[in-house]
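Structure first, commentary second.
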Amino acid sequence: MAIAVLSVIAGAVLVIWVWLSVIRTVIIPHECSSRIARATVSVVIGTATPIARRLPPVAALWVLDMAAPLILLATVIYWLVALMVGFGLLVFGLGGKVEPVGFAIMWRGPTTVVMAVAAISVPLVLVAFTTHLVRLTEAYSRRERLVNSLAARASTPVDADQLLVDHLRGGSRDNLDLLFRSWLDWVADVHATHVGYPVLVYYRSARQLAWVEAAVIVMDAAALVTTLAPTWAPPHARVLLDGGSACIRDLTERAGIRLSAGTTTVSLQGREERTFGDTVLMALRAGLPQERNHSQAWNIFQAERTRYAPYAAQLCARLQYDRVMTARPRP
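Counted from 1, the sequence shown has number 605 at position 26 by the numbering used here; the numbering is strictly sequential.
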């Protein structure tokens, strides 16, 4: 009798646990996804990343590309298996018999309600997973759309200088503000979706320009404007820097990377090939007003850049964009 009671309790707890996981993952991820989503990401990525580091770039790229689909597959398998075990324990505890018939399982005994709930739960879980997959695909498409647009004109952080010059020469201050506002919306969407659905961090960019690098390029352009001409700078430049820095730092920390605040005073990640003087000269020739001298501008630019660039560099290294993106064949 005690075994039957424990079986019923264990089965009920397991079924409820699975449904809470489904609801937390699919319906209300908010600021923190379900434990199973985070655990699955940790296990799969913790296995795939060391393997990829020991492989040639082409093979490593294939392993890393497959990591995100494996995370999703492992999640739905966990849900289905846990449901089957949970309902099996309920049937056993209620006195029913579990008999395999071909590829199906027949339950016999006074467990009609449990059987009906089980028959409904499995397709509902599959529907929930399909909804989850659609949302992930939509979020990935929104992320990559703006990145692909930027990839046509920029590929490394030093291209932020040319991006700024093009907008200064080809338009007005409002045109530059429109660029920063578009990327501010992008940053907000990326932050919300990648926190709620942590597997998205490991959905690799379709182009050789990674989404993290794209964010750094546009934020560098905003940092240059606010550094050299703080009163002239478009309104969304400062907001983009604050929002983008918070987004990159948060996603980096959630990926298990810890950087001590204040330990980095100079950030040149990706900008080693160009001096700050050349950057300032390009911007001033394009029409950006100079409101600070070179020394002040350099110190403030570094103070801004250390808020996001070191974190972005560490996140790219963890995702191995720096090693395997060049292995992706060009169309």
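We put the CB at the ideal spot given by N, CA and C, even for glycine.
Just how far apart, CA to CA, sit residue 740 and residue 856?
Answer to the nearest angstrom: the Cα atoms are 12 Å apart.
Can you check the region 814-863 for any alpha helix (DSSP H) of at least 4 residues that lies completely inside it and give the ranges in chain order?
Counting whole runs of 4 or more residues, the region 814-863 contains the alpha helix (DSSP H) stretches 814-833.
Along the alpha helix (DSSP H) that carries residue 874, what are the first and last residues, could you check?
It spans 873-884 - the alpha helix (DSSP H) in which residue 874 sits, taken as one unbroken run.
Helix, strand or coil for residue 867 per DSSP?
DSSP places residue 867 in coil when its eight states are reduced to three.
Does the Cβ of residue 585 have 16 or more other Cβ atoms within 10 Å, making it buried, or fewer, making it exposed?
Exposed is the call here.
Do residue 744 and residue 627 come within 7 Å of each other at the CB atom, strictly closer than that value?
Going by C-beta atoms, residue 627 is not nearer than 7 Å to residue 744.
Rounded to whole angstroms, what is the Cα-Cα separation between residue 656 and residue 870?
About 59 Å.
Please list, in chain order, all residues of the same chain as residue 885 whose beta carbon is under 8 Å from its beta carbon, the five residues on each side excluded.
The answer, listed in chain order, is 843, 844, 845, 846.
Is residue 613 near residue 662, with beta carbons less than 7 Å apart?
No, the Cβ-Cβ distance between residue 613 and residue 662 is not below 7 Å.
Using alpha carbons as the reference points, say which of 807, 760, 722, 729 lies closest to residue 782.
Of 807, 760, 722, 729, the residue nearest in Cα terms is 722.
Do you know offhand how far residue 814's Cα is from residue 892's?
Cα to Cα, the separation comes out at about 27 Å.
Leaving out five residues before and five after residue 828 in sequence, what residues of the same chain have Cβ atoms less than 6 Å from its Cβ?
Counting only Cβ-Cβ distances below 6 Å, and skipping sequence neighbours, we find 890.
So, are the CB atoms of residue 704 and residue 658 less than 7 Å apart?
Their beta carbons are under 7 Å apart, which means residue 704 touches residue 658 by this criterion.
Go through its chain and collect everything with a Cβ distance to residue 838's Cβ below 7 Å, but skip five positions before and after it.
Answer for residue 838: 889, 890, 893, listed in chain order.
Per the contact definition of three or more C-beta pairs closer than 8 Å, is the region 633-652 in contact with the region 768-787?
Yes, they touch.
What are the boundary residues of the alpha helix (DSSP H) that residue 695 is part of?
Segment 691-730, the alpha helix (DSSP H) holding residue 695.
Is the beta carbon of residue 669 sitting closer than 7 Å to the one on residue 590?
In contact: residue 669 and residue 590 (Cβ atoms closer than 7 Å).
Beta-carbon within less than 6 Å of residue 900's beta-carbon, same chain only, minus the 5 sequence neighbours each way: which residues are those?
So the qualifying residues of the chain are 789.
Let me know the secondary structure DSSP gives residue 775 once reduced to three states.
Helix at residue 775.
On the DSSP letters alone, give me the boundaries of the alpha helix (DSSP H) that residue 672 sits inside.
Run containing residue 672: 636-672, per the alpha helix (DSSP H) assignment.
Suppose contacts are defined by Cβ-Cβ distances below 7 Å. Is residue 794 in contact with residue 759 by that definition?
Taking 7 Å as the Cβ cut-off, residue 794 and residue 759 do not qualify as a contacting pair.
Could you give the DSSP three-state label for residue 743: helix, strand or coil?
Helix at residue 743.
So which of 862, 735, 621, 622 has the shortest CA-CA distance to residue 747?
The candidate whose alpha carbon is nearest that of residue 747 is 862.
For residue 706 versus residue 853, is the C-beta distance shorter than 7 Å?
No.
Assuming residue 867 contacts residue 820 (C-beta within less than 8 Å), just tell me the rounded distance between them.
Contact doesn't hold; Cβ gap of about 16 Å is too wide.
When the Cα atoms are used, what is the spatial distance from residue 728 to residue 620?
Going from the Cα of residue 728 to the Cα of residue 620 covers about 29 Å.
Would you identify the three-state DSSP class for residue 887, choosing helix, strand or coil?
It is coil, neither helix nor strand.
Given a cut-off of 7 Å, decide if residue 779 and residue 772 are closer than it, judged by their beta-carbon atoms.
Yes, the Cβ-Cβ distance between residue 772 and residue 779 is below 7 Å.
How would you write the range of the alpha helix (DSSP H) that residue 602 sits in, first residue to last?
Run containing residue 602: none; DSSP gives neither H nor E here.
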